[in-house]
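Here the sequence shown is numbered in the working numbering, starting from 1 and rising by one per residue. Below: the structure, in structure tokens.
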Amino acid sequence: MPDKSGESSAPAGKAYTAPGIDVWFDATRCVHFAECVRGLPDVFQPGRKPWVRPDLDDPNEVARVVRRCPTGALHYRLEDGPDEEAKVPTTVHRLSTGPLRLRGDLLIQTPAGVVRDTRAVLCGCWMTANAPFCDGRCEINQRLAERD
């Protein structure tokens, strides 16, 4: 599908297609908030192959739940519907474990170049192996420190 510049672009990650909707999952950005699993457990079922089955619900309902993904690991494109709109104004919220949750019209500088997105969770501790995106290390390290 063409973007605003007229070039064809697809979200990063593995594509899962169904009549009326395509869903992409970028595992490098997932830190397991599980909004997808709580929202539509039949469609998003970890451990099943494939774990994403957008054919198991209405495309608009799948899109609604994908928009709940705070990290931007999940994206969708509806066959007969609008693309996801950026939240206005952009919001930034620091999570208790350190990362920053952003929603809006985002341009994020990464080592591979600029990423345009509407949702992201950026690392707040600088321990991530997926800069600038959070990979959950700060939460993992926080849990380990609490055990000691």
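Don't be surprised by glycine CBs; every beta carbon is placed ideally from N, CA and C.
Distance between beta carbons of residue j and residue i, contact taken as under 8 Å
i: Tyr-76; j: Val-52; result: Going by Cβ atoms, the distance from Tyr-76 to Val-52 rounds to 10 Å, so no, they are not a contact pair.
i: Gly-13; j: Pro-59; result: Between Pro-59 and Gly-13 the Cβ distance is about 18 Å, and since that is not below 8 Å, they are no contact.
Among the options, nearest to residue i - alpha-carbon criterion
i: Glu-84; options: Thr-91, His-93, Leu-74 and Leu-100; result: Leu-74
i: Leu-107; options: Ala-27, Pro-41, Pro-132 and Cys-138; result: Pro-132
i: Thr-90; options: Gly-81, Thr-97 and Arg-101; result: Arg-101
i: Leu-122; options: Val-65, Trp-24, Asp-135 and Lys-87; result: Asp-135
i: Gly-98; options: Thr-118, Val-115, Arg-119 and Trp-126; result: Trp-126
Those residues which DSSP pairs with residue i across a bridge
i: Lys-14; result: Phe-25
i: His-75; result: Trp-24
i: Thr-97; result: The partner list for Thr-97 (beta bridge, DSSP) is empty, contrary to what the question assumes.
i: Thr-110; result: Gly-113
Residue i - DSSP class collapsed to helix/strand/coil
i: Glu-7; result: Because the pLDDT of Glu-7 is 38, which lies under 50, any placement of that residue in the model is unreliable, and the question is left without a value.
i: Ala-63; result: helix
i: Asp-105; result: strand
i: Leu-56; result: helix
Boundaries of the beta strand (DSSP E) in which residue i is found, first to last residue
i: Val-92; result: 91–94
i: Leu-119; result: Sequence inspection shows Arg at residue 119; the Leu mentioned does not correspond to that position. Per DSSP, Arg-119 belongs to the beta strand (DSSP E) from 113–122.
Unbroken alpha helix (DSSP H) run spanning residue i, endpoints
i: Gly-39; result: 35–39
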